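Residue numbers for the sequence shown follow my numbering, so the first one is 25 and each next one is one higher.
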Amino acid sequence: NVWTADLPILSTDQPLFALANVHYRLSRPETAPHAPPTMQFALTSLLQTAPPDELRLSAVVATDAPSPVIDDFARGWKDWYTLSPDNPHHWEYSTRKLNDPKWRGRPGDTLMLELRAEQSNELVIILTENFFRPYRGPSRENIAVAKLSGGQKETLALLPADFQTAAGEPLSSWDQIDLLSLRAYHKTEGRTLGSTNWAGPQPQFLKLYWERR
25 NVWTADLPIL
35 STDQPLFALA
45 NVHYRLSRPE
55 TAPHAPPTMQ
65 FALTSLLQTA
75 PPDELRLSAV
85 VATDAPSPVI
95 DDFARGWKDW
105 YTLSPDNPHH
115 WEYSTRKLND
125 PKWRGRPGDT
135 LMLELRAEQS
145 NELVIILTEN
155 FFRPYRGPSR
165 ENIAVAKLSG
175 GQKETLALLP
185 ADFQTAAGEP
195 LSSWDQIDLL
205 SLRAYHKTEG
215 RTLGSTNWAG
225 PQPQFLKLYW
235 ERR
């Protein structure tokens, strides 16, 4: 089989890295190590690299543009990885989209999150700098705990200084954020932020975006 897909890019001044995952549906469930039985398996291609000179010689044109909307959740958690998504208290959703130039925060941006929770809770939001990038600097978790009133749509507005390390050091900018996580709670330095007993159903996440000046 030969598979093709559109791949819009932001610039031809940077190298292009691409790989493909192809998922096949199984006729019956198969066991998986340390996981529930699965109804699909995936094949991953080799990593392909095209340097800027090769892109220009191939007449590749940049047609994409940065977007302030990180996710509207219309496709669910397609661009996220999930941990314990069916657990009412210990769920976690994480994405690396903020590391992509298309969705990277700019100086002066405010991180906005629209959501709806049925009951009053605390939502833990973690921004990780230099995630698996020790060559750029030490990995660091920056944490914000947002109080939710519940019962209605709410919009959170977060600046870099709203996120702090466990030692209380504030985040200075969005520049080196590689990972964003939404969690019911987080344990760090012997403390529990949020609650291990989330009240009511999981929140409904509606929109994650940058508000730009």
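All residues carry an ideal CB built from backbone N, CA and C; glycine is no exception. Just so you know, these numbers come straight off a predicted model, no measurement behind them.
Check: residue i C-beta below 7 angstroms from any heavy atom of the ligand NAP
i	result
residue 219	No copy of the ligand NAP occurs in the structure displayed, which carries no ligand at all.
Nonlocal neighbours in the same chain, by C-beta distance under 6 angstroms from residue i, ignoring five residues either side
i	result
residue 179	138
residue 93	233
residue 106	117
residue 136	181, 233 and 235
residue 84	36
Bounding residues of the alpha helix (DSSP H) (the contiguous stretch that carries residue i)
i	result
residue 130	No alpha helix (DSSP H) contains residue 130, which DSSP labels as neither H nor E.
residue 81	76-81
Cutoff 7 angstroms; reference residue i; Cβ partners in own chain excluding five residues on either side
i	result
residue 80	36
residue 69	43 and 44
residue 113	208, 220, 221 and 222
residue 169	146, 148, 217 and 218
residue 86	33, 34, 35 and 36
residue 64	47, 48, 49 and 50
Residue(s) in a DSSP beta bridge with residue i
i	result
residue 177	140
residue 200	Note: residue 200 sits in no beta bridge, so no partner.
residue 153	164 and 201
residue 146	171
residue 194	188
residue 73	41
Boundaries of the beta strand (DSSP E) in which residue i is found, first to last residue
i	result
residue 61	59-68
residue 38	No beta strand (DSSP E) contains residue 38, which DSSP labels as neither H nor E.
residue 210	209-212
residue 53	45-56
residue 166	164-172
residue 107	105-107
residue 116	116-119
residue 93	93-95
residue 233	228-235
residue 218	215-218
Whole-Å CB distance - residue i paired with residue j, under 8 angstroms assumed
i	j	result
residue 90	residue 39	Between residue 39 and residue 90 the Cβ distance is about 19 angstroms, and since that is not below 8 angstroms, they are no contact.
residue 67	residue 46	5 angstroms
residue 195	residue 185	7 angstroms
residue 163	residue 154	5 angstroms
residue 230	residue 149	Between residue 149 and residue 230 the Cβ distance is about 15 angstroms, and since that is not below 8 angstroms, they are no contact.
residue 183	residue 134	6 angstroms
residue 73	residue 204	With a Cβ gap of about 27 angstroms, residue 73 and residue 204 do not count as contacting.
Proximity below 8 angstroms, CB of residue i to CB of residue j
i	j	result
residue 126	residue 88	yes
residue 142	residue 171	no
residue 181	residue 213	no
residue 157	residue 103	no
residue 131	residue 197	yes
residue 167	residue 188	yes
residue 99	residue 228	no
residue 226	residue 115	yes
Cβ neighbours of residue i in the same chain (closer than 8 angstroms, five flanking residues each side left out)
i	result
residue 29	44
residue 215	190
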